[in-house]
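The structure appears below as structure tokens.
In our numbering, the protein residues as written are 789 to 1075.
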């Protein structure tokens, strides 16, 4: 049992349900504030100088700053992030998903104070963060977490081109590498610090988990029960002349059909039902 398993058993009941929905709501609130044109958003940013001088609400209010300008593309992306965030919450369990998101927020705050301290020591004057630390990287961490957990899941690029999500993740990482290189070349290394701190939760979370593909405690329990049933000969799946370990309850495919297929047990189905990666989030729960 790893560190997160122990934490989940002790504090799992305090996890916030439907966290992705709350994240999207904060983005919507941020867009509404920007549309008012009152300049109120400038009082919401993550600015260590003002926080140290009494404006402690900025420790939380920066989450209201949306990840980009409001347009049709942004609306589509918010719907996409809601979909994959909800899927992660189901696959990992609410506690692990909470830890992932809030650790990203915490590391962003720590990074902002670290950068502020470094810049103050170098220049001897307060350094303004502006919008360097934003929720853009929180959204990106959700996408990267989903891509690491379900690399072979296919999405429709531009609603037409089917592509595995891992290739989109590689493109995002390549773009980030170019952005970091460009900032270093131009001498804007503070932005590089902001990027690394904001995405540190991706690395830390999967190190703590000890593996990239995490499942909830309930799913692990169901899997153990299923394995015991298999050992008693009560739940064997036959395919040709061999015995398979996994079989999708919807399409009937096993690991013999495709060795790259991933299978998961659904924690919301009443019974030991296993699904492939394409039907895990689309099936109707058995009650």
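For every residue, glycine included, the Cβ atom is placed at its ideal position computed from N, Cα and C. All figures in this text were calculated on a predicted structure; none of them were measured in a lab.
Answer with buried or exposed for residue 895, where buried requires no fewer than 16 other C-beta atoms within 10 angstroms of its C-beta.
Position 107 of the chain shown, counting from 1, holds the residue named residue 895. Residue 895 comes out buried.
Evaluate residue 1053 with the Cβ neighbour count: other Cβ atoms within 10 Å of its Cβ, from every protein chain shown; 16 or more gives buried, anything less gives exposed.
Here residue 1053 refers to the residue found at position 265 when the chain shown is read from its first residue. Residue 1053 should be labelled buried.
When burial is assigned at 16 or more other CB atoms within 10 Å of the CB, is residue 904 buried or exposed?
What you label residue 904 is simply residue 116 of the chain shown in a count that begins at 1. By the neighbour-count rule (16 or more Cβ atoms within 10 Å), residue 904 is buried.
Please report the residue range of the alpha helix (DSSP H) in which residue 846 lies.
Position 58 of the chain shown, counted from the start, is the residue given in the question as residue 846. Where residue 846 is concerned, the enclosing alpha helix (DSSP H) starts and stops at 846–849.
Consult DSSP for residue 820 and reduce its assignment to one of helix, strand or coil.
Numbered from its first residue, the chain shown carries residue 820 at position 32. DSSP places residue 820 in helix when its eight states are reduced to three.
With DSSP as the reference, identify every bridge partner of residue 944, one or two as the case may be.
Locating residue 944 in the chain shown gives position 156, counting from the first residue. According to DSSP, residue 944 bridges with 950.
6 Å Cβ shell around residue 899 - same chain, five flanking residues per side excluded:
Walking along the chain shown from the start, residue 899 turns up at place 111. Counting only Cβ-Cβ distances below 6 Å, and skipping sequence neighbours, we find 985.
Using DSSP bridges, identify the partner residues of residue 1035.
Counting from 1 along the chain shown, the entry for residue 1035 is found at position 247. Looking at the DSSP assignment, residue 1035 forms a beta bridge with 1042.
At a threshold of 7 Å, does residue 792 count as lining the ligand HEM (C-beta to nearest heavy atom)?
As presented, the structure is devoid of all ligands, the ligand HEM included, so that no description of it is given.
Give me the residue from 1041, 939, 855 with the minimum Cα distance to residue 872.
The residue you call residue 872 lines up with position 84 of the chain shown. Taking the Cα of residue 872 as reference, the smallest distance to any Cα among 1041, 939, 855 is reached at 939.
Excluding sequence positions up to five away, which residues of its chain have a Cβ less than 7 Å from the Cβ of residue 1074?
Numbered from 1 along the chain shown, position 286 holds the residue referred to as residue 1074. The residues are 1057, 1058, 1059, 1061.
Do residue 846 and residue 833 come within 8 Å of each other at the CB atom, strictly closer than that value?
Numbered from its first residue, the chain shown carries residue 833 at position 45. Numbered from its first residue, the chain shown carries residue 846 at position 58. It is a contact, given that the beta carbons lie within the stated cut-off.
Status (buried if at least 16 other CB within 10 Å, exposed otherwise) for residue 1002:
Within the chain shown, numbered from 1, the residue matching residue 1002 stands at position 214. Annotation note: pLDDT 47 at residue 1002 (below 50); position unreliable, coordinate value reported separately. Its Cβ being crowded by 16 or more others within 10 Å, residue 1002 is buried.
Pull up the DSSP beta-bridge partners for residue 1064, would you.
To locate residue 1064, count along the chain shown from 1; it is residue 276. Answer by DSSP bridge pairing, in chain order: 1051.
Output needed for residue 990: all residues of its chain with C-beta closer than 6 Å, excluding positions within five of it in sequence on either side, in chain order.
Here the question's residue 990 lines up with position 202 in the chain shown. Around residue 990: 929, 932.
Using 8 Å as the threshold, is the C-beta distance between residue 921 and residue 850 below it?
Locating residue 921 in the chain shown gives position 133, where the first residue counts as 1. Locating residue 850 in the chain shown gives position 62, where the first residue counts as 1. Yes, Cβ-Cβ distance for residue 921 and residue 850 is below 8 Å.
Considering just the uninterrupted stretch of the alpha helix (DSSP H) at residue 886, what are its terminal residues?
The count along the chain shown starts at 1 and reaches residue 886 at position 98. Here the alpha helix (DSSP H) through residue 886 covers 882–911.
Might you give, ordered along the chain, the residues of its own chain that have their beta carbon closer than 7 Å to the beta carbon of residue 839, omitting 5 neighbours on each side?
If you number the chain shown from 1, residue 839 lands on position 51. For residue 839, where only same-chain residues beyond five positions count, the Cβ hits under 7 Å are 846, 847.
Between residue 795 and the rest of its own chain, which residues show a CB-CB distance below 6 Å, the 5 nearest in sequence each way excluded?
The count along the chain shown starts at 1 and reaches residue 795 at position 7. Nothing listed; no residue qualifies.
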